[in-house]
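When the letters of the sequence shown are read in order and numbered with our numbering, they come out as residues 68 to 369. Cβ coordinates follow ideal geometry from the N, Cα and C atoms, glycine included. What follows is a set of notes on a single structure, which appears directly below.
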Amino acid sequence: MKGDAGFDSIRKFGTNLPEKTVEMMKRTSACLKGPMTTPEEPGTPRSAAVTMRSLFNLYANVRPARTLPNVTALNPGIDLIVVRENTEGLYSGKEFEVTPGVGVAMKIITRAASERIAKFALDLAMKRRKKLAFVHKANILKITDGIFKQSVLEIAKDYPDVELEDLHIDAAAMQLIRRPESFDVMVTMNLYGDILSDEAAAAVGGLGVAAGANIGETYGMFEPVHGSAPKYTGQNKVNPVATIEAARMMLDYLGESKAANLVEKATTSVLKEGNVLTYDLGGKARTSDVGKAIAEKVVSLK
């Protein structure tokens with residue numbers, strides 16, 4: 068099934084997330100969302116992605132970043148995941164202008180949401196290398212970030228095998244450049260997570276190879292994390308690897324592990340061969356060329 072959403076839907080339907088699309092999503096277990104343009108002007112609809120996360124309570128944003136063959140990275144051994152609390156904080160869209168020229172944005176942090184995302188991240192760390200860095204700025208934002216920090220520490224008591232690293236956001240941003248290979252799972256709040264996950268993507272080659280998952284109790288939304296790049300519309304130029312990786316993550320979420328593994332192996336193989344790469348990876352291939360090469364590789368690997 069295919070649904071409309073995003074900037075073009077505002078002109079067609081008066082909203083960037085038509086009710087018909089929402090109803091379609093409710094009949095499924097997961098969706099693959101493409102990049103969307105969100106207008107920045109005051110009074111325009113808030114991000115469709117933010118609305119989806121709220122409607123389906125997609126509380127965990129999961130952004131893997133790992134070194135890929137033939138993709139320039141800061142370090143050959145990067146394999147980390149940024150887990151971002153997805154439902155509150157400064158990205159909840161609660162802001163207003165109190166008087167002309169004076170704006171206020173509300174940063175709401177709750178113990179319940181913080182404990183929930185902490186448990187999600189700790190469970191993930193237990194399946195990996197058992198290391199968790201939790202990122203905040205509680206030395207300045209003592210109440211909001213303080214609630215998040217204390218929630219992580221409290222939940223972590225049930226995970227004695229997980230090694231914890233306590234990092235302020237500014238230090239985390241620096242260490243992600245200096246020693247990205249040392250991180251396993253990072254957990255943080257909404258705004259910090261958005262910034263750190265894009266930084267992590269840059270460390271492994273850029274947004275063209277970065278995908279993300281938005282996970283709730285009963286639903287999953289998967290997406291490439293790059294923007295819509297309207298200047299490239301219709302040019303068959305952009306890198307499809309991020310979208311293909313998002314689809315792979317969705318297959319894994321739906322229990323189709325065999326298919327997910329095939330897609331992962333095929334993508335890695337095409338990148339390693341280095342014959343079909345888009346401009347951002349130093350090649351001259353078109354979007355469709357890369358997609359075709361990966362699809363053919365999936366068939367050959369079966």
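Distance, Cα to Cα, residue i vs residue j?
| i | j | result |
| --- | --- | --- |
| lysine 298 | alanine 180 | 38 Å |
| proline 247 | threonine 345 | 25 Å |
| threonine 166 | asparagine 342 | 57 Å |
| proline 136 | glycine 144 | 11 Å |
| threonine 354 | leucine 263 | 27 Å |
| threonine 310 | alanine 360 | 15 Å |
| leucine 321 | glycine 168 | 47 Å |
| glycine 287 | leucine 122 | 12 Å |
| serine 159 | isoleucine 175 | 8 Å |
| alanine 352 | lysine 304 | 8 Å |
| methionine 91 | aspartate 228 | 42 Å |
| valine 89 | isoleucine 222 | 34 Å |
| valine 308 | threonine 82 | 29 Å |
| leucine 347 | asparagine 153 | Inspection of the sequence shows that residue 347 is occupied by aspartate rather than by leucine. Answer to the nearest angstrom: the Cα atoms are 29 Å apart. |
| lysine 93 | lysine 87 | 10 Å |
| glycine 350 | glycine 358 | 14 Å |
| alanine 327 | glutamate 363 | 15 Å |
| asparagine 306 | threonine 300 | 12 Å |
| leucine 274 | methionine 119 | 22 Å |
| lysine 198 | alanine 238 | 17 Å |
| leucine 157 | tyrosine 259 | 10 Å |
| aspartate 212 | alanine 205 | 5 Å |
| serine 324 | isoleucine 207 | 43 Å |
| isoleucine 214 | isoleucine 282 | 22 Å |
| glutamate 340 | glutamate 266 | 26 Å |
| methionine 241 | arginine 133 | 18 Å |
| glutamine 302 | glycine 294 | 16 Å |
| aspartate 261 | lysine 161 | 17 Å |
| aspartate 146 | valine 117 | 27 Å |
| phenylalanine 289 | alanine 140 | 24 Å |
| aspartate 356 | arginine 113 | 35 Å |
| leucine 220 | arginine 78 | 47 Å |
| glutamate 331 | histidine 203 | 33 Å |
| lysine 186 | glycine 70 | 33 Å |
| asparagine 142 | alanine 314 | 26 Å |
If contacts are defined as beta-carbon pairs under 8 Å, then residue i and residue j qualify, I think. What distance do you get, rounded to the angstrom?
| i | j | result |
| --- | --- | --- |
| glutamate 284 | asparagine 124 | 7 Å |
| valine 271 | valine 138 | 7 Å |
| alanine 115 | alanine 172 | With 8 Å as the limit, alanine 115 and alanine 172 do not qualify as a contact, their Cβ atoms being about 20 Å apart. |
| threonine 335 | glutamate 312 | Actually they are not in contact, since the Cβ atoms of threonine 335 and glutamate 312 sit about 10 Å apart, beyond 8 Å. |
Going by other Cβ atoms of all chains shown within 10 Å of its Cβ, with 16 needed for buried, is residue i buried or exposed?
| i | result |
| --- | --- |
| methionine 68 | exposed |
| phenylalanine 163 | exposed |
| serine 218 | buried |
| glycine 178 | A small fix is needed here, since residue 178 is arginine in this sequence, not glycine. The residue is exposed, with fewer than 16 neighbouring Cβ atoms inside 10 Å. |
| isoleucine 210 | exposed |
| serine 76 | buried |
| valine 365 | buried |
| arginine 151 | buried |
Are the CB atoms of residue j and residue i within a distance shorter than 9 Å?
| i | j | result |
| --- | --- | --- |
| methionine 316 | proline 85 | no |
| leucine 368 | leucine 318 | no |
| arginine 195 | isoleucine 244 | no |
| proline 102 | alanine 268 | no |
| isoleucine 184 | tyrosine 126 | yes |
| methionine 256 | glutamate 182 | no |
| alanine 277 | proline 291 | yes |
| phenylalanine 201 | lysine 216 | yes |
Taking 8 Å as the cut-off, is the beta-carbon of residue i closer than that to any non-hydrogen atom of the ligand ATP?
| i | result |
| --- | --- |
| lysine 359 | Questions concerning the ligand ATP fall outside what the structure shown contains, since it holds no ligand whatsoever. |
Just checking: is the beta-carbon of residue i within a distance shorter than 9 Å of some beta-carbon in chain B?
| i | result |
| --- | --- |
| valine 276 | Absence of chain B from the displayed structure is noted, only one protein chain being present. |
Indicate whether the contact test is met: 3 or more Cβ pairs, each with one atom in the stretch 190 to 198 and one in the stretch 246 to 264, closer than 8 Å. Contact between the stretch 190 to 198 and the stretch 246 to 264 is present, because at least three Cβ pairs lie under 8 Å.
Would you check if the stretch 95 to 103 and the stretch 224 to 242 touch, i.e. whether three or more CB-CB distances between them fall below 8 Å? Remark: fewer than three beta-carbon pairs, one from each stretch, lie closer than 8 Å, so the stretch 224 to 242 and the stretch 95 to 103 are not flagged as touching.
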